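Participant: Take a look at this one; I'll ask things after.
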Amino acid sequence: MVNLTIDNRKIQAEEGQTILDVARKNGITIPTLCHNDALEPSGSCRMCSVEIGEGARAKVVTSCLYPVAEGLVVNSGSERVKNVRRTVMQLLLARSPESEQLARMAEDLGIHPEPRFKPSEDGSKCILCRLCVRTCETVVGVSAIGFSFRGPEKNVCTPFHESSNICIGCGACASVCPTGHIEMHVSPSGDVRTIWGRDFKMAACSKCGLYFAPEDQLTYISGRTGVPMEELMVCSSCR
Amino acid sequence: MTIKIKSFGELKELQEKIKAGRDPRKPGITLCVGTGCLAHGAMKVADAFREEIDKRGLSVKIDFRKTGCHGFCERGPMVIISPENIFYQHVKVEDVGDILEKTILKGEVIDGLLYANPQSGEKYVHEDEVPFYKLQTRTVFGMNSKVDPKNMEDYLAVDGYSALAKALAMNPEDIVREVVTANLRGRGGGGFPAGRKWEETSKAKGSPKYVICNADEGDPGAYMDRSLLEGNPHLVLEGMIIGAFAIGSSEGYIYVRNEYPLAVENINVAIKQAREAGLLGENILGSGFSFDLKVNRGGGAFVCGESSALFASLEGRAGEPRAKYVHATEKGLYDKPTNLNNVETWANVPFIIQNGGDWYAGIGTDHSKGTKIFSLVGKINNTGLVEVPMGTSMREIVFDIGGGILNNRKFKAIQTGGPSGGCIPEAYLDMPVDYDELTKVGSMMGSGGMIVMDEGTCMVDLARYFTNFLASESCGKCVPCREGLQRMREILVDITEGRGQEADIELLESLGASIKDGALCALGSSAPNPVLSTIRYFRDEYEAHIKEKRCPAGVCKALITYSVDPAKCTGCTLCAKVCPVGAATGEKKKVHAIDPDKCTRCGACKESCQFDAIIVR
Ligand SMILES: Cc1cc2nc3c(=O)[nH]c(=O)nc-3n(C[C@H](O)[C@H](O)[C@H](O)COP(=O)(O)O)c2cc1C
Ligand code: SF4
Ligand code: SF4
Ligand code: SF4
Ligand code: FES
Numbered sequence: 012m013v014n015l016t017i018d019n020r021k022i023q024a025e026e027g028q029t030i031l032d033v034a035r036k037n038g039i040t041i042p043t044l045c046h047n048d049a050l051e052p053s054g055s056c057r058m059c060s061v062e063i064g065e066g067a068r069a070k071v072v073t074s075c076l077y078p079v080a081e082g083l084v085v086n087s088g089s090e091r092v093k094n095v096r097r098t099v100m101q102l103l104l105a106r107s108p109e110s111e112q113l114a115r116m117a118e119d120l121g122i123h124p125e126p127r128f129k130p131s132e133d134g135s136k137c138i139l140c141r142l143c144v145r146t147c148e149t150v151v152g153v154s155a156i157g158f159s160f161r162g163p164e165k166n167v168c169t170p171f172h173e174s175s176n177i178c179i180g181c182g183a184c185a186s187v188c189p190t191g192h193i194e195m196h197v198s199p200s201g202d203v204r205t206i207w208g209r210d211f212k213m214a215a216c217s218k219c220g221l222y223f224a225p226e227d228q229l230t231y232i233s234g235r236t237g238v239p240m241e242e243l244m245v246c247s248s249c250r
Numbered sequence: 112m113t114i115k116i117k118s119f120g121e122l123k124e125l126q127e128k129i130k131a132g133r134d135p136r137k138p139g140i141t142l143c144v145g146t147g148c149l150a151h152g153a154m155k156v157a158d159a160f161r162e163e164i165d166k167r168g169l170s171v172k173i174d175f176r177k178t179g180c181h182g183f184c185e186r187g188p189m190v191i192i193s194p195e196n197i198f199y200q201h202v203k204v205e206d207v208g209d210i211l212e213k214t215i216l217k218g219e220v221i222d223g224l225l226y227a228n229p230q231s232g233e234k235y236v237h238e239d240e241v242p243f244y245k246l247q248t249r250t251v252f253g254m255n256s257k258v259d260p261k262n263m264e265d266y267l268a269v270d271g272y273s274a275l276a277k278a279l280a281m282n283p284e285d286i287v288r289e290v291v292t293a294n295l296r297g298r299g300g301g302g303f304p305a306g307r308k309w310e311e312t313s314k315a316k317g318s319p320k321y322v323i324c325n326a327d328e329g330d331p332g333a334y335m336d337r338s339l340l341e342g343n344p345h346l347v348l349e350g351m352i353i354g355a356f357a358i359g360s361s362e363g364y365i366y367v368r369n370e371y372p373l374a375v376e377n378i379n380v381a382i383k384q385a386r387e388a389g390l391l392g393e394n395i396l397g398s399g400f401s402f403d404l405k406v407n408r409g410g411g412a413f414v415c416g417e418s419s420a421l422f423a424s425l426e427g428r429a430g431e432p433r434a435k436y437v438h439a440t441e442k443g444l445y446d447k448p449t450n451l452n453n454v455e456t457w458a459n460v461p462f463i464i465q466n467g468g469d470w471y472a473g474i475g476t477d478h479s480k481g482t483k484i485f486s487l488v489g490k491i492n493n494t495g496l497v498e499v500p501m502g503t504s505m506r507e508i509v510f511d512i513g514g515g516i517l518n519n520r521k522f523k524a525i526q527t528g529g530p531s532g533g534c535i536p537e538a539y540l541d542m543p544v545d546y547d548e549l550t551k552v553g554s555m556m557g558s559g560g561m562i563v564m565d566e567g568t569c570m571v572d573l574a575r576y577f578t579n580f581l582a583s584e585s586c587g588k589c590v591p592c593r594e595g596l597q598r599m600r601e602i603l604v605d606i607t608e609g610r611g612q613e614a615d616i617e618l619l620e621s622l623g624a625s626i627k628d629g630a631l632c633a634l635g636s637s638a639p640n641p642v643l644s645t646i647r648y649f650r651d652e653y654e655a656h657i658k659e660k661r662c663p664a665g666v667c668k669a670l671i672t673y674s675v676d677p678a679k680c681t682g683c684t685l686c687a688k689v690c691p692v693g694a695a696t697g698e699k700k701k702v703h704a705i706d707p708d709k710c711t712r713c714g715a716c717k718e719s720c721q722f723d724a725i726i727v728r
C-alpha cells in the first residue's frame, strides 16, 4: 500500500494502480474521453490531466497512465489542469461540431466553444480517441480498423478505405464510440447490417426467428471457441 | 582483408605498425567528400586528382585522401595540403593541375584558392588561421578531416579503438562512473545525463538489454549526426561498444534516416571492417565480451526520432510515441531495458574514457560539459558545423566564428534547437550557450541547430513557418498537439494576412501553455516555443500586425505596399523592366511609380533598384 494525497485528501492505495483508478474509487471525478476500463490506457485525449508535485517541480501528467507512488501529491483541479481540459474540449468542439454527445459533455463540464476556432466543416464526429481501434484489436481480436495519415489529417478507417474482409460486423466499435461517429445501419427487415461500408447478412435465431447477429460474427466466434454453429444460432433472449 | 585482432597487445602493435608506415612529412592532399562538398562537385575533383596524380607518376610520392565533412560546407569542395596545412576552398577540376604543379611540387601558395574574410578581405593560408576554424575546439569533429571513413587503418592511425581496449580492461561500473563524472548530457535534444541513463540500464532487470544509436536527425538544417556517421563511423561504433560493455548489452541498433545514403553506406562498411577485425562480434579483442549491432533505416517522419516512436518503428509498428511513465531504461525496445543515445553523445564516449571523466568535466559550464557541435545557418557569413565548448557566448559563435551578418545588415534574432526551439533576441547575445541558459530564455539546446536572422525577418511570419512545419509533423495521436498546433497555425496565418483579432496574442499564449502542459510527447510540448518566444521578445511586431495591419519587417505580403521614393529615383527604368506584371512604370529619367492594385509584392523592383529608391511599408 502507498500513501498519497489527492486534492488535500490523504488516501491509501494499492501499488500499480493509476491516479485515475484511485481517484474514482475515492469519489473524485476526473473527466476522460479515451479511457475505458476494459482497455489499456492510450493517453491520447489528455482530458484526464492532473497536476502532481509542488512548487517548481509541479507538472501536468495524465492520470489514466500515471502510477500512484508513496508521497505523491495530486491536484486534480489546478489552474493548469483546467486550462488543459478547457483547451482540449474547445479544440474537439471545433473539430467535431456536429457531435451532440460531445456538446453535451462540454456542457456538463461548463466549457463553451472558443469562438476564435473556426468549426470544422468536414462533418466528422471522430475525436480520434482510439476506443474503436483498441476495442477491435484487443477485445474483439480482429484489428479491422486503424489509422491513416498523421497530424490533422489523421483518421480512423479500414485499410485503404476499402470495405474490410476481416471485419465481422460485430458493431463493438460503434457502441464504444463516444461521439456517434461510426455509423451502423440495419435494413428495415433486419436481415442486413451495414458498417464500415460493408453489408453483413444477419443470422436469424433458430428459436424465435429474430435477426440477432451477423453470420460472420457467429462464424468468427465458432472458430475461436470451438462451439458449433448450431449452438450459436440462438439469440440471447431464447438461450 | 583485415586481420583479426585478438588482444589489446595486438591492437597496440597494429596501430604502431600503421603509424610507422606513415611519414608525417610526406606531402598529402586531403579532399572533403562529405555530402555538402559532393553537392558542390567534389567527386569530379577527386577523379581529377587521381588521374593527374597517376599521369604525373606521383602516386607513391604523395598521399591522397578523401574524407568526410569538415563542417565548412559552403566553401566546398575543400582541399587541405599537408604537412603545411594549407587550406583551399571552392576547388574546381581546373585547379587540380595547378595545385599539384605549384603547391605540391614547388611549395607555392595559390592566392585565388585561399579563403578571404568576407568583411575585411584578409586572406588566410593555413586552415587553423581561418577564423571559422581558429576559434573552434574540434574535439569530436576534428578527426573527420584526418580519416578516410572507409579506411579503418586511418582510424587506427589516430589511436582509434584505444579507448575501447582501455574500457574492456576496466570494471563496467567504473566505466559508468567515468561517464557520470564527466556529466555528459544527451546531445539529441533532452540533455539527459548519459551516465545516469547507463547506470539505470545496467541495473535494470531483464534481458536482453539493448543499446541504440539515434541517427534519425529529423531537424531540417541540422546535419552534425550525418557528418559524424558519414565522416567518422568508427568513432560512433567505438562509443557504442564501450557503452554496451558498461551496460551489459550484447545487441544494438543504429536507427538511421533513410535519406542519408552515404551515412548508411559508411556505417555498414565500418561495421563489416570492425567485425572482421574482431572489434565487434564474439569475444571482442579477446576480452570475452561479445556485442553486435544492426543498422535500421528509418522512414523519415520527424517524430520517429522521439524515443518511444523510434522503438515502435524498430519493432515494425507505426512510428507513434507511446505514453508511459516508465523509463526506456526499464522497458524500451520490445519492453526490454534499453539505452538510447544520440550519435554525437556516443561519439563523445571514447574521449571520456581515453582522458578521464574529470578531464571532460573540466570543459564547459557548471551543468553542461564538453563541447557541442552546432549547425550554424541563416543570414550569416560563415555557415557550417561549429564545435565549441559549452558556455561559449552566442556573440562569439555568430560574429567571430560565423563572421557576422550577411551584407553587413543588423542581427535580429537567433533560433536555436531545431524547429521547436525559441527565438533569442539581440539582448542575450552575450549569454553563455548551454542547456540551462537556453531553456531559461525560452529556447532549448535541442540537437544544436542555430538559425541566424537579420533585420529583414518578420518574427510573426517566422513563428508561422515553424508552427506550420510542426503541425504537419504532429503524429496526430494526442489532442493538444494535433488540434492545438493546427489552430495556432490558423491564427498565425490570419495575423500575417491582416485578419488578426484583438485577443489573438493572449489566445496564442494560453493555447501555447495548454499544449506545453498537455501534449503526450516532446514534439508537442516543445512546439509552442517559436510562438511563445517571439511573443515574449517581439510582442510589438505582433501588435503592429494585428492593430495597425502593418508588417514592420516588410515581409507579410498582405500588409505591405511598394512605392517609389521620388528623392532617390533616377528614372533608370530598371524597375519597370523587371516588374513581371507591369505595375512599375515611368518615363526615362523621370520618377517612376508603382500601381498598388497591379503590384503582387514580388520584390523584383526592390532587388533590381541600384539607388535604393523602392520603399516597402
Ligand atoms: C519530435 C522529436 C524528435 C527527435 N528527434 C531526434 C533525433 O532525430 N535524433 C536524436 O538523437 N534524438 C531525437 N530526439 C530525442 C530523443 O527522443 C531522445 O531523447 C534521444 O535520442 C536520447 O539520446 P541522448 O540522451 O543521447 O540525446 C527527438 C525527440 C523528439 C520529441
Ligand atoms: S464491427 Fe468490424 S471494425 Fe468494428 S469492432 Fe467489429 S470487427 Fe472491428
Ligand atoms: S470513431 Fe469514435 S471511437 Fe473511434 S476514434 Fe473516432 S471518436 Fe473514438
Ligand atoms: S505530442 Fe504530437 S507528436 Fe507527440 S504524441 Fe501527441 S500528437 Fe503525436
Ligand atoms: S483518459 Fe487519459 S488521456 Fe484520455
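For the protein sequence lines, the chains are A and B, in the order given.
Following this note's numbering, the numbering of the first sequence begins with 12 at its first residue and continues without gaps.
Following this note's numbering, the numbering of the second sequence begins with 112 at its first residue and continues without gaps.
Built from N, CA and C at the ideal position, the CB exists for glycine as well.
Computed from a predicted structure; not experimentally measured.
Can you find a heavy atom of ligand 1 that lies under 7 Å from the Cβ of L451 (chain B)?
Facilitator: Flag set: Cβ of L451 (chain B) near ligand 1.
Participant: Against Y77 (chain A), what residues of chain B qualify as contacts under a CB-to-CB distance less than 7 Å, listed in chain order?
Facilitator: Under the 7 Å cutoff, chain B gives Y436.
Participant: Nearest chain B C-beta to F171 (chain A) closer than 8 Å, yes or no?
Facilitator: So no, F171 (chain A) is outside the interface.
Participant: Compute the distance between the beta-carbons of V454 (chain B) and L339 (chain B), then report whether it is under 8 Å.
Facilitator: The answer is yes: Cβ separation under 8 Å.
Participant: Quick one: what does DSSP say A412 (chain B) is sitting in, helix, strand or coil?
Facilitator: In this structure, A412 (chain B) counts as coil in the three-state DSSP scheme.
Participant: Between P591 (chain B) and chain A, is the shortest Cβ-Cβ distance under 8 Å, so that the two count as touching?
Facilitator: Answer yes: the Cβ-Cβ gap between P591 (chain B) and chain A drops below 8 Å somewhere.
Participant: Pull up the distance between the alpha-carbon of A293 (chain B) and that of D158 (chain B), whole angstroms please.
Facilitator: Going from the Cα of A293 (chain B) to the Cα of D158 (chain B) covers about 44 Å.
Participant: By DSSP, does A742 (chain B) sit in helix, in strand, or in coil?
Facilitator: Lying outside 112 to 728, the shown extent of chain B, residue 742 (chain B) is not represented and no answer is given.
Participant: Just reading off the beta strand (DSSP E) that T449 (chain B) is part of, what are its end residues?
Facilitator: Where T449 (chain B) is concerned, the enclosing beta strand (DSSP E) stretches over 449-453.
Participant: Does the beta-carbon of E328 (chain B), which I'm using as the reference point, lie nearer than 7 Å to any heavy atom of ligand 1?
Facilitator: Correct: E328 (chain B) has its Cβ closer than 7 Å to ligand 1.
Participant: K435 (chain B) and L139 (chain A): beta carbons closer than 8 Å?
Facilitator: No, they are not a contact pair.
Participant: Taking the beta strand (DSSP E) that G139 (chain B) belongs to, which residues open and close that run?
Facilitator: 139-143 is the span of the beta strand (DSSP E), which, as asked, contains G139 (chain B).
Participant: Quick one, are the C-beta atoms of C143 (chain B) and G208 (chain B) less than 8 Å apart?
Facilitator: The answer is no: Cβ separation not under 8 Å.
Participant: At a threshold of 7 Å, does A630 (chain B) count as lining ligand 4 (C-beta to nearest heavy atom)?
Facilitator: For ligand 4, at least one heavy atom lies less than 7 Å from the Cβ of A630 (chain B).
Participant: Measure the beta-carbon distance from R307 (chain B) to V322 (chain B) and round it to whole angstroms, keeping in mind my assumption that it falls under 8 Å.
Facilitator: With a Cβ gap of about 15 Å, R307 (chain B) and V322 (chain B) do not count as contacting.
Participant: Hey, which residues come within less than 7 Å of ligand 2, measuring from Cβ to any heavy atom, in chain order?
Facilitator: Ordered along the chain, the selected set is A:C143, A:T146, A:C147, A:V151, A:V153, A:A155, A:I156, A:S175, A:C178, A:I179, A:G180, A:C181, A:G182, A:A183, A:C184, A:A185, A:I206, A:W207.
Participant: Run down chain B in chain order and give the residues with a C-beta less than 8 Å from the C-beta of N14 (chain A).
Facilitator: Per Cβ cutoff of 8 Å: no residues; N14 (chain A) is ~19 Å from chain B at best.
Participant: So is C589 (chain B) buried or exposed if we call it buried at 16+ other beta carbons inside 10 Å?
Facilitator: Result: buried.
Participant: Would you say the beta carbon of C59 (chain A) is closer than 7 Å to some non-hydrogen atom of ligand 5?
Facilitator: Indeed, a heavy atom of ligand 5 lies less than 7 Å from the Cβ.
Participant: Taking 8 Å as the threshold (C-beta atoms), are A268 (chain B) and K130 (chain B) in contact?
Facilitator: Closer than 8 Å, so yes.
Participant: Of all the residues that make up the segment 632-644 of chain B, which are near chain A by a beta-carbon distance shorter than 9 Å?
Facilitator: Within the segment 632-644 of chain B, no residue qualifies.
Participant: Which residue wins for smallest C-alpha separation from C716 (chain B), given the options B:L596, B:F252, B:K688?
Facilitator: The option with the nearest alpha carbon to C716 (chain B) is B:K688.
Participant: Whose C-beta lies closer than 8 Å to the C-beta of E426 (chain B) among residues of the same chain, with five residues either side of it excluded?
Facilitator: These residues qualify, in order along the chain: L444, Y445.
Participant: Should V251 (chain B) be labelled buried (16 or more other beta-carbon atoms within 10 Å of its own) or exposed?
Facilitator: It is buried - the Cβ of V251 (chain B) has at least 16 other Cβ atoms within 10 Å.
Participant: Where does V291 (chain B) sit, in a helix, a strand or coil, going by DSSP?
Facilitator: It is helical.
Participant: I want to know whether the segment 192-201 of chain B touches the segment 234-245 of chain B - three or more CB-CB distances under 8 Å.
Facilitator: Yes, the segment 192-201 of chain B touches the segment 234-245 of chain B.
Participant: Run down chain B in chain order and give the residues with a C-beta less than 8 Å from the C-beta of N94 (chain A).
Facilitator: Within 8 Å Cβ-Cβ: S621, A624, S625, D628.
Participant: Using a Cβ-Cβ cut-off of 8 Å, state whether E584 (chain B) counts as contacting chain A.
Facilitator: Yes - at least one Cβ of chain A is within 8 Å of the one on E584 (chain B).
Participant: Using the DSSP secondary-structure output, state which residues sit across from V267 (chain A) in a beta bridge.
Facilitator: Residue 267 (chain A) is absent from the structure shown; chain A starts at 12 and stops at 250.
Participant: Please report the straight-line C-alpha distance between L211 (chain B) and E219 (chain B), rounded to a whole angstrom.
Facilitator: Between L211 (chain B) and E219 (chain B), the C-alpha separation is close to 10 Å.
Participant: According to the Cβ coordinates, are I491 (chain B) and G481 (chain B) closer than 8 Å?
Facilitator: Taking 8 Å as the Cβ cut-off, I491 (chain B) and G481 (chain B) do not qualify as a contacting pair.
Participant: Residues bridged to Y364 (chain B) by DSSP?
Facilitator: Its beta-bridge partners are B:I323, B:K405.
Participant: Over what stretch of residues does the alpha helix (DSSP H) that includes E111 (chain A) continue unbroken?
Facilitator: Unbroken alpha helix (DSSP H) run through E111 (chain A): 111-119.
Participant: Where in the segment 417-496 of chain B do unbroken runs of the alpha helix (DSSP H), each at least 4 residues long, occur, reported from the N-terminal end onward?
Facilitator: Within the segment 417-496 of chain B, the complete alpha helix (DSSP H) runs of at least 4 residues are 418-425, 454-466, 468-472.
Participant: Ignore the nearest five residues each way along the sequence and tell me which others in N343 (chain B)'s own chain have a CB closer than 7 Å to its CB.
Facilitator: Excluding residues within five positions, the ones whose Cβ falls inside 7 Å are G179, M254, N255, V258, P260.
Participant: Check whether the Cβ of P52 (chain A) lies closer than 7 Å to any heavy atom of ligand 5, and answer yes or no.
Facilitator: Answer for P52 (chain A): yes, Cβ within range of ligand 5.
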